[in-house]
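A.B. asks: Just so you know, the sequences run in chain order A and B.
Those letters in the first sequence? Residues 1 to 398, per full-length UniProt numbering, in order.
Those letters in the second sequence? Residues 1 to 398, per full-length UniProt numbering, in order.
Protein chains: 2
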Amino acid sequence: MGGGPQPVRARDAVLDKRWKEAVLGIQLSRRYCTQLLQRSIHSKNSRHPQVVNNLVESNITEKERKHSCKGCVHTSTKKVIQSSGYKMAPGTTAEKKSEDERSSAKACGVHLSNPHLDMMKEDILYHFDLGTGTHDFPALFGDVKFVCVGGSASRMKFFTQYIAEELKLGDPKADIPNICAGTDRYAMYKVGPVLSVSHGMGIPSIAIMLHELIKLLYHARCSNVTVIRIGTSGGIGLDIGSVVVTSQSVDASFRPQFEQIILGKTVVRSTELDEELAQELLQSSNEINEFNTVIGKTMCTMDFYEGQARLDGAFCFYTEEEKMQYLKEAYDAGIRNIEMESSVFAAMCKLAGLRAAVVCVTLVNRLKGDQITSPHEVLVEYQQRPQKLISHFIKKHL
Amino acid sequence: MGGGPQPVRARDAVLDKRWKEAVLGIQLSRRYCTQLLQRSIHSKNSRHPQVVNNLVESNITEKERKHSCKGCVHTSTKKVIQSSGYKMAPGTTAEKKSEDERSSAKACGVHLSNPHLDMMKEDILYHFDLGTGTHDFPALFGDVKFVCVGGSASRMKFFTQYIAEELKLGDPKADIPNICAGTDRYAMYKVGPVLSVSHGMGIPSIAIMLHELIKLLYHARCSNVTVIRIGTSGGIGLDIGSVVVTSQSVDASFRPQFEQIILGKTVVRSTELDEELAQELLQSSNEINEFNTVIGKTMCTMDFYEGQARLDGAFCFYTEEEKMQYLKEAYDAGIRNIEMESSVFAAMCKLAGLRAAVVCVTLVNRLKGDQITSPHEVLVEYQQRPQKLISHFIKKHL
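(1) On the CB-based measure, 16 or more other CB atoms within 10 Å of its CB, does V378 of chain A come out buried or exposed?
(2) Say whether chain B places a C-beta atom closer than 8 Å to the C-beta of K328 of chain A.
(3) Give me whichever residues DSSP pairs with C360 of chain B in a beta bridge.
(4) Since H211 of chain A and G313 of chain B are thought to touch, with beta carbons under 8 Å apart, how far apart are those beta carbons, to the nearest angstrom?
(5) Taking the beta carbon of P386 of chain A as the centre, do at least 16 other beta carbons fall within 10 Å, making it buried, or is it exposed?
(6) Could you tell me whether the Cβ of P386 of chain A comes closer than 8 Å to any Cβ of chain B?
(7) Using only the alpha-carbon positions, how far apart do L169 of chain A and D251 of chain B sit?
(8) DSSP puts G131 of chain B in a beta bridge; with which residues?
(9) Taking the alpha-carbon positions, what's the D175 of chain B to T362 of chain A distance?
(10) Residues in the same chain with beta-carbon distance under 8 Å from L216 of chain A, minus the five sequence neighbours each way, listed in chain order, please.
(11) Do F146 of chain B and T226 of chain B count as a contact pair if the criterion is CB distance below 8 Å?
(12) Is it buried or exposed, S152 of chain A, if we count other Cβ atoms within 10 angstroms and call 16 or more buried?
(13) Put Y218 of chain A into one of helix, strand or coil per three-state DSSP.
(14) In chain A, what lies closer than 7 Å to D184 of chain B by C-beta?
(15) Could you check where the beta strand (DSSP E) with V294 of chain B kicks off and where it finishes?
(16) Excluding the 5 residues flanking S103 of chain B on each side, which residues of the same chain have their C-beta closer than 6 Å to its C-beta?
(17) Cβ of A139 of chain B less than 8 Å from any chain A Cβ?
(18) For P333 of chain A, go through chain B and note every residue whose CB falls closer than 7 Å to its CB, in chain order.
(19) Report yes or no: is there a C-beta of chain C within less than 8 Å of the C-beta of M299 of chain B?
(20) So, is S196 of chain A buried or exposed, given that buried needs 16 or more other C-beta atoms within 10 angstroms?
(21) Runs of 4 residues minimum, wholly inside the region 309 to 382 of chain B: which ones carry the alpha helix (DSSP H) assignment?
(22) Could you tell me the distance, in whole angstroms, from the CA atom of M188 of chain B to the CA atom of G235 of chain B?
(23) Taking a Cβ distance cut-off of 7 Å, strictly less, list which residues of the region 371 to 395 of chain A are near chain B, in chain order.
(24) Buried or exposed, going by whether 16 or more other CB atoms sit within 10 Å of the CB of P115 of chain A?
(25) From the beta carbon of E280 of chain B, is the nearest beta carbon of chain A less than 8 Å away?
(26) From the beta carbon of Q260 of chain B, is the nearest beta carbon of chain A less than 8 Å away?
(27) Figure out for me which residue from B:V268, B:L273, B:T293 has the closest Cα to the Cα of L238 of chain B.
(28) Between the region 302 to 309 of chain A and the region 318 to 331 of chain A, can you find at least three pairs of beta-carbon atoms closer than 8 Å?
(29) Judging by CA-CA distance, which residue of A:I208, A:F317, A:F254, A:S391 is the nearest neighbour of E166 of chain A?
(30) 8 Å is my cut-off, CB to CB: does H116 of chain A come that close to chain B?
(31) Please identify the residue among B:C300, B:N178, B:S223, B:P375 whose C-alpha is closest to the C-alpha of P193 of chain B.
(32) Could you tell me the alpha carbon to alpha carbon distance between P375 of chain B and N337 of chain B, rounded to whole angstroms?
(33) Kindly list the residues whose CB is nearer than 7 Å to the CB of A347 of chain B, restricted to its own chain and excluding five residues on each side of it in sequence; keep chain order.
(34) For S205 of chain A, go through chain B and note every residue whose CB falls closer than 8 Å to its CB, in chain order.
(35) Going along chain A in order, which residues have a C-beta closer than 9 Å to the C-beta of M120 of chain B?
(36) Check F258 of chain A in the structure and name its three-state DSSP category.
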């Protein structure tokens with residue numbers, strides 16, 4: 001997956017002010033955009049993984065293989081656009097777009113695999129309430145190096161305030177504006193090179209967010225971005241409050257893959273995560289030395305109750321013995337926690353060429369029970385553990 | 001599915017005050033609970049559908065068939081509990097619980113299919129931040145007759161204020177408290193017999209909410225509850241702003257079923273909705289006569305971009321022709337809109353014996369484009385259409 005995150009200079013006060021203006025919907029001038037771009041875009045360490053390899057071989061079609069990376073195989077991509085008859089924006093030719101892209105793809109490190117986007121005059125990221133026609137993405141997001149995502153909007157706001165304090169970026173007591181204030185689908189916050197985004201619960205909810213996040217990073221021409229999901233989970237055979245760094249995300253049948261239906265057909269994608277990054281995160285936890293952290297497989301399910309073999313949902317058609325047998329088999333397969341987003345997160349980050357990790361705290365030991373019964377203040381402290389770990393990791397890389 | 005919703009008396013000021021106290025976490029006295037219970041629980045029109053029929057025959061096991069309805073087959077249920085060795089609350093016997101339940105199941109009309117719940121001393125609805133040990137469910141929710149659910153928390157708050165005004169329940173300008181204020185996973189509001197709950201985006205997110213909602217209604221001993229999802233969707237071959245009342249929810253392969261993985265095995269459930277209710281809702285729309293409403297099939301997908309054949313996601317490995325062919329096939333199969341929650345909503349409401357409907361406005365005609373480009377104020381007006389329709393329908397039944 002290429003090199004690790006690169007050191008980033010903290011933005012100075014002028015840029016901070018400009019950024020705030022931009023968040024408030026005021027467009028930046030070209031001059032300031034250029035300044036920002038010069039600082040953040042043209043990295044010498046651009047990574048250019050062969051995204052083709054991210055697709056599980058047995059399920060990839062020849063066409064998918066050919067245009068799975070815009071930067072790599074643009075000639076075949078262009079051919080698809082032309083054959084599709086998709087209308088181009090006035091004054092734009094596929095040839096010209098193609099050249100622009102080739103140069104930007106080399107620098108950006110974020111890989112879109114969609115030839116149709118280049119033909120659009122404007123890209124509206126509907127669920128973020130942001131658009132390329134109304135917002136200057138390079139100015140707003142061009143310096144992003146770390147994206148942290150989590151289910152809860154309030155937790156991501158708390159994390160942003162925490163990281164602002166830890167990284168000494170601005171006044172930690174100042175209110176940090178929600179960049180997606182125009183919608184309540186997701187919340188997004190930014191301090192320095194760290195973008196925090198909420199994703200709701202479950203695979204479809206995080207998938208929508210990731211489609212728009214990946215496009216956002218691409219339009220902003222970001223480079224060398226690391227994406228980390230910080231969340232909560234049910235543990236298997238671990239003390240409550242332990243943190244699990246995911247080695248591999250598996251489905252409810254313990255397979256390391258993500259299945260989805262596209263045009264009525266099943267497509268299977270790899271859920272491989274960055275091994276080196278997982279080891280770096282474990283090392284960060286060892287340095288903090290405040291809580292137990294392990295590397296293990298994470299099972300990603302479509303449901304919290306029946307899908308995770310709980311006995312306390314509205315419906316349950318199995319016995320406690322059957323539940324325990326399933327969870328013990330999961331433990332024996334190396335699974336240490338269960339959550340609901342990691343598989344599509346791993347699959348999409350891999351397709352986009354983004355270095356990615358999943359770091360979740362366990363709020364219950366499923367071998368001992370189903371309900372989350374710890375007192376509120378204890379749960380709050382547990383939820384801060386992945387945040388502490390990631391904060392320590394980011395500090396090391398700035 | 002039994003008779004329609006029954007007329008409900010508006011709660012008087014005293015009960016309103018008591019309810020507000022309860023929302024604020026103050027426990028009601030037994031005397032007031034009894035008053036509320038007398039008013040709301042003992043309906044003469046209890047419905048008792050054979051929930052067994054809700055499971056798709058080819059996929060149901062003999063054991064599932066036996067204890068799919070607590071009220072109906074309690075003897076086999078009890079046997080399962082005993083054989084499972086699940087611990088019972090102190091001072092409770094399976095026999096005693098069983099009798100209590102038989103009588104309450106006759107009156108409640110909400111069917112849980114989980115023998116394990118009765119053995120729990122307390123049921124914590126974690127994602128609602130509510131629990132039977134801390135909240136008096138019959139007092140809080142016993143009078144609920146209509147539950148309206150939708151993706152966005154702010155839209156559900158707006159809907160509650162709107163319905164309060166339409167039904168003349170309290171001061172429409174007064175702030176209505178969020179019953180789930182202790183969490184940001186879901187938001188819940190209540191005016192009179194109408195409960196409004198947000199569910200986020202996608203099948204897993206609404207499934208968690210429905211598990212806890214069904215348990216809430218059961219613990220509150222509600223009867224004759226109608227559940228309606230009001231949402232937004234992409235239309236197929238309809239003018240933007242049209243409203244679709246779902247006749248049948250189908251998956252991305254156009255099959256009228258919901259598949260999920262339980263203990264590593266695929267279980268298939270029926271997504272049938274209440275035909276009579278759909279016709280009543282169409283009639284309500286005709287009476288309003290302000291916008292186009294049709295009854296049609298709704299396709300429920302796991303993703304907004306690739307899963308709905310959009311060309312504007314971060315990834316797209318198909319041509320516009322292939323997209324159009326898929327959408328035209330969907331249209332020919334009777335599908336008129338696409339969203340992301342209806343299949344599990346239909347399946348779970350059916351299992352719980354709840355009369356259910358899905359009413360969604362279309363924000364785009366997918367045969368003409370992918371992006372939602374209508375101006376903000378137009379989208380706001382469109383989103384109010386299902387709310388207007390449901391408000392008219394509820395008014396007719398009060």
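Yeah, the Cβ is synthetic: ideal placement off N, Cα and C, and Gly gets one too.
C.D. replies: In terms of the structure at hand:
(1) exposed
(2) no
(3) B:G231, B:V244
(4) 5 Å
(5) buried
(6) no
(7) 47 Å
(8) B:I124
(9) 36 Å
(10) L125, F128, L130, F137, F141
(11) yes
(12) buried
(13) helix
(14) S152, A153, S154
(15) 293 to 300
(16) Low confidence applies here, because S103 of chain B scores a pLDDT of 40, under 50, leaving its location unreliable; read the following figure in that light. Within the same chain, S103 of chain B has no close Cβ partners at all.
(17) no
(18) The sequence shown places Ala at residue 333 of chain A, rather than the Pro named in the question. For A333 of chain A, no chain B residue has a Cβ inside 7 Å of its Cβ, as the nearest lies near 11 Å away.
(19) Absent from the structure: chain C. Protein chains present are A and B.
(20) buried
(21) 320 to 332, 342 to 351
(22) 28 Å
(23) Q371, I372, T373
(24) buried
(25) no
(26) yes
(27) B:T293
(28) Result yes; three or more Cβ-Cβ pairs closer than 8 Å.
(29) Ranked by how close their Cα comes to the Cα of E166 of chain A, the residues A:I208, A:F317, A:F254, A:S391 have A:S391 in first place.
(30) yes
(31) B:S223
(32) 21 Å
(33) Around A347 of chain B: F258, R269, S270, T271.
(34) G200, M201, G202, P204, S205
(35) L311, D312, Q371
(36) strand
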